[in-house]
Each structure stands twice: as C-alpha cells, then as structure tokens.
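Every number in the working numbering is 1 more than the matching position in the sequence shown, counting from 1.
Single-structure report; data block below.
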Amino acid sequence: LFFHTIIYTLIASIFRFHLRKIQERCNTYLFSPMLFDTHAHLSFDSLSHTIPEILTRMQEHRVMRSIQIGCDIESSICAIELAREYPDFFRATVGIHPSECLLLNREEICEKMETLILENRDVIVGIGEVGLDYHRITST
Numbered sequence: 002l003f004f005h006t007i008i009y010t011l012i013a014s015i016f017r018f019h020l021r022k023i024q025e026r027c028n029t030y031l032f033s034p035m036l037f038d039t040h041a042h043l044s045f046d047s048l049s050h051t052i053p054e055i056l057t058r059m060q061e062h063r064v065m066r067s068i069q070i071g072c073d074i075e076s077s078i079c080a081i082e083l084a085r086e087y088p089d090f091f092r093a094t095v096g097i098h099p100s101e102c103l104l105l106n107r108e109e110i111c112e113k114m115e116t117l118i119l120e121n122r123d124v125i126v127g128i129g130e131v132g133l134d135y136h137r138i139t140s141t
C-alpha cells in the first residue's frame, strides 16, 4: 500500500506539471487572438517615420503580421523593402492602382511588375492593389 501511495503521488505530480504546461500553451496561443493585418500602407510618407512605434503596438495587440500593399511601382518597391527590413512582421504585395494605369502604358507596367515579382518572390505574397475603384474613378 505504501508503494502504491508513492507511485500515485508521483503520477499525480507529473500530471499536474504537464497540465500546467498545457494550460500555459493554451492561454498563450489558443485563447489569445492572433491578428493578421491584410492591408496596410506603412510606406506612405505620413506613416513611414512611425514604423518602430507601429511595430511595438502590433506586438502589444498581438498583430503578428502585416501585408504592405503596393499601389504603384514606387510603393510596391517600398513594400518589398519593408518586408525585407522587417521579415518577422511584414510581407508585401505589388500592384498598380487603377488610377495609375492611366499614366503608364501596358507593356511598361507588365515589364516592371514582372521584374519586381521575379526578383522578390520570397517576400511577395500577392498581387494588389488592383481592380476596380469606384471611389476615386467615376468615369469609365
């Protein structure tokens, strides 16, 4: 009986130890929301100087990643640069906003975008800003 009591106490303490570890993991990962910002423009001049503070706030609020959106060639390059500079936080998309399409010819757009994509596939997770924008473009 004494031997059984020792074994029972040992098993119970091991169980309690592992149960605490499981609870810690669950509280950290399963029950705390992890957010993913799918559309940000931190390359804009009004935000680019605040990136360190933004990263701190992201961590405080459990925003794990953010996709930086390219809306023209220049901002697509900036989005890629941010993704390279902060690989634990940012990924990039490249794209041409519909209003920018009017400023470039199709061959030029395609060539520049293809070059960006092929040279930066490791940090690019999508194509965009593209599509219809009825907010800024009102005529067809």
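Beta carbons are placed, not taken as given, at the ideal position from N, Cα and C, and that holds for glycine.
This structure is a prediction, so every number in the text was calculated from the model and none was measured.
On the three-state DSSP scale, how would you describe residue i?
i	result
residue 73	coil
residue 56	helix
residue 37	strand
residue 21	helix
residue 67	strand
residue 43	coil
Short of 8 Å in beta carbon distance, which residues of its chain neighbour residue i, apart from the five on each side in sequence? Order them along the chain.
i	result
residue 56	87 and 90
residue 130	70, 71, 72, 94, 96, 97 and 98
Excluding the 5 residues flanking residue i on each side, which residues of the same chain have their C-beta closer than 6 Å to its C-beta?
i	result
residue 79	44
residue 71	77, 80, 94, 95 and 96
Residue i to residue j, Cα distance in whole Å?
i	j	result
residue 123	residue 104	29 Å
residue 120	residue 64	28 Å
residue 42	residue 111	22 Å
residue 39	residue 109	28 Å
residue 114	residue 73	9 Å
residue 100	residue 58	32 Å
residue 116	residue 67	23 Å
| query | Whole alpha helix (DSSP H) runs in the region 86-137 with 4 or more residues, listed along the chain? | reply | For the alpha helix (DSSP H) assignment, the uninterrupted runs of no fewer than 4 residues enclosed by the region 86-137 are, from N- to C-terminal side, 99-102 and 107-120.
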